[in-house]
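Here is the structure we will look at.
Residue numbers (my numbering): 0 to 154.
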C-alpha cells in the first residue's frame, strides 16, 4: 500500500464513520454535513461557498522510511462553523479530534496493512474568526515496505 492509497482508504473510512455514527457535538448541535477532502480543498467559488465550511481535509504531510516500513504523517485539518454564542467551537473541534482518533485506534489495521500509531498531537487555530473554528489532529501511520521480487534468482 502506498501513501496515496492510505489517504484514499482513510478518506473513505472517515466518510463512512461520519455518515454511520452521526457524531454529536458536546456543546451545540450535531455535526451536520461534514465534508471529507483528500489533500486539498475545492477551489473557492464565492464568499459563501458551502464547500469550504464544515470539512475535514486528510493531508499527507511528511514521510520517512526505516527498515520496518514507511512512517507517514497524516493531518486531519478540521473546520467547523459554530454560531453558538458561548463560543464552544474549540471544544467541539477537540471533541471531533477525539472521536476521529478513537475511531482509528479502535479500527487497528486499515487497508489490510496500515495502522495508526498511538502518538498524536492536537492543535487549535485560536486566530480563526468567529463563527469558524479550526484545528489539526496530527497522526502517524505505519506502512509496510514494498516486497522485493526476484531475489530468489540471486541466492
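By construction, the Cβ of each residue, glycine as well, lies at the ideal position given by its N, Cα and C atoms.
Keep in mind that this is a model prediction, so the values were computed, not measured.
Minimum C-alpha distance to residue i - residue among the options
i           : options        : result
residue 39  : 32, 53, 59, 68 : 59
residue 129 : 79, 99, 144    : 79
residue 134 : 97, 12, 71     : 97
residue 127 : 3, 81, 7, 1    : 81
residue 101 : 136, 11, 2     : 136
residue 71  : 19, 90, 116    : 116
residue 156 : 103, 17, 64    : Missing from the structure shown is residue 156; the chain here goes from 0 to 154 and no further.
Residue j beta carbon less than 8 Å from that of residue i
i          : j           : result
residue 57 : residue 92  : no
residue 99 : residue 122 : no
residue 5  : residue 68  : no
Cutoff 7 Å; reference residue i; Cβ partners in own chain excluding five residues on either side
i           : result
residue 118 : 139
residue 131 : 78, 80
Neighbourhood of residue i by C-beta distance below 6 Å, restricted to the same chain and skipping five residues each side
i          : result
residue 34 : 54
residue 52 : 80
Cutoff 8 Å; reference residue i; Cβ partners in own chain excluding five residues on either side
i          : result
residue 14 : 35
residue 7  : 37
CB contact check: residue i to chain D, cutoff 8 Å
i           : result
residue 107 : Considering every chain present, this structure includes no chain D. It has just one protein chain.
Any chance the stretch 80-91 sits against the stretch 108-118, with 3 or more Cβ pairs inside 8 Å?
-> no
Length-filtered (3 minimum) beta strand (DSSP E) runs lying within the stretch 74-153 | 113-124, 131-142
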